[in-house]
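Undergrad:
Numbering (the working numbering), first residue to last: 46 to 319.
1. According to DSSP, simplified to helix, strand and coil, what is residue 158?
2. Using C-beta distances below 6 angstroms, list every residue in its chain close to residue 184, excluding the 5 sequence neighbours before and after it, in chain order.
3. Between the alpha carbons of residue 139 and residue 111, how many angstroms are there, rounded?
4. In the structure shown, what three-state DSSP assignment does residue 188 receive?
5. If you pair each beta-carbon of the segment 87–95 with each one of the segment 135–155, do three or more pairs fall below 8 angstroms?
6. Does the distance from the CB of residue 249 to the CB of residue 218 come in under 8 angstroms?
7. I'd like to know if the segment 193–200 and the segment 172–184 are in contact, where contact means that at least 3 CB-CB pairs between them fall below 8 angstroms.
8. Among 288, 307, 245 and 305, which has the Cα closest to the Cα of residue 313?
9. Measuring CB to CB, does residue 153 end up less than 8 angstroms from residue 118?
10. In this structure, does DSSP put residue 123 in helix, strand or coil?
11. What separation, rounded to the nearest whole angstrom, lies between the Cα atoms of residue 273 and residue 245?
12. Can you tell me where the beta strand (DSSP E) with residue 314 in it begins and where it stops?
13. Mind reading off the beta-carbon distance from residue 169 to residue 205? Whole number of angstroms is fine, and I expect it under 8 angstroms.
14. What does the alpha-carbon distance come out to for the pair residue 102 and residue 211?
15. Alpha carbon to alpha carbon, how far is residue 159 from residue 186?
16. For the beta strand (DSSP E) holding residue 75, just list the boundary residues, first then last.
17. Please classify residue 127 as buried or exposed, where buried requires at least 16 neighbouring CB atoms within 10 angstroms.
18. Where in the segment 89–157 do unbroken runs of the beta strand (DSSP E), each at least 3 residues long, occur, reported from the N-terminal end onward?
19. Evaluate residue 167 with the Cβ neighbour count: other Cβ atoms within 10 Å of its Cβ, from every protein chain shown; 16 or more gives buried, anything less gives exposed.
20. What do you reckon, are the CB atoms on residue 315 and residue 295 nearer than 8 angstroms?
21. First and last residue of the beta strand (DSSP E) that includes residue 63?
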């Protein structure tokens with residue numbers, strides 16, 4: 046999202062052919078102008094990245110750039126990175142200094158502004174055989190160049206996962222990770238897939254993990270009654286935003302997702318961000 050221009054950017058994903066019903070990955074960029082609620086495809090140029098799904102896309106607000114990393118296309122996992130200059134709608138392939146993380150999809154990427162640079166924090170994701178719980182940095186180092194680094198984290202590390210959410214808190218350096226799943230591991234207490242309902246906090250100044258707040262079901266409609274059935278804490282493929290709450294503080298507000306019993310949720314879960 047580009048707040049100054051009120052534009053919501055979307056890149057890639059799987060689309061269905063209306064005639065054949067087959068799914069394929071697209072390389073199209075779509076933009077929603079939130080002032081007039083109009084979708085349109087900008088005319089882009091440059092080194093357009095291949096179509097993909099399960100990638101991440103994050104905005105560097107100071108330069109109005111969209112950075113895309115990873116994803117999967119036709120069963121092939123990717124670890125390439127590209128940047129879209131939204132002032133000119135021009136793509137460039139990022140040829141970063143250092144070694145890129147292993148190929149992955151359905152990871153999270155969080156843009157963080159520091160005093161001297163902007164960095165992208167990559168966490169989790171999966172390839173065709175395993176999930177990850179490592180942290181990787183893609184950082185702008187000047188003169189249009191980027192560099193990869195791989196900080197060693199301490200503390201209470203999350204289990205490997207994919208399909209989680211990552212939300213930057215108001216202090217500008219703490220990331221809250223919530224939910225996700227490991228499709229390669231079964232729950233110890235059942236024969237179902239391992240879907241997580243925990244949260245973790247990553248301090249990107251000290252690279253220390255700690256356990257996060259428990260999610261709470263409490264969303265109500267205007268009449269004060271619950272607007273949806275509580276789907277429980279464990280979920281994957283949900284969405285999350287940093288939002289105000291009734292106690293004059295902040296919360297990470299999560300919506301939807303897939304539950305352990307293969308049902309889909311339409312409820313809200315709230316995690317304290319105070």
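Using N, Cα and C, we set each Cβ at its ideal position, and we do this for glycine too.
TA: A quick look at the data gives this:
1. strand
2. 162, 164 and 192
3. 12 angstroms
4. coil
5. yes
6. yes
7. yes
8. 288
9. no
10. coil
11. 26 angstroms
12. 313–317
13. 7 angstroms
14. 12 angstroms
15. 12 angstroms
16. 74–78
17. buried
18. 101–105, 110–114, 126–130 and 135–138
19. buried
20. no
21. Per DSSP, residue 63 belongs to no beta strand (DSSP E) and is neither H nor E.
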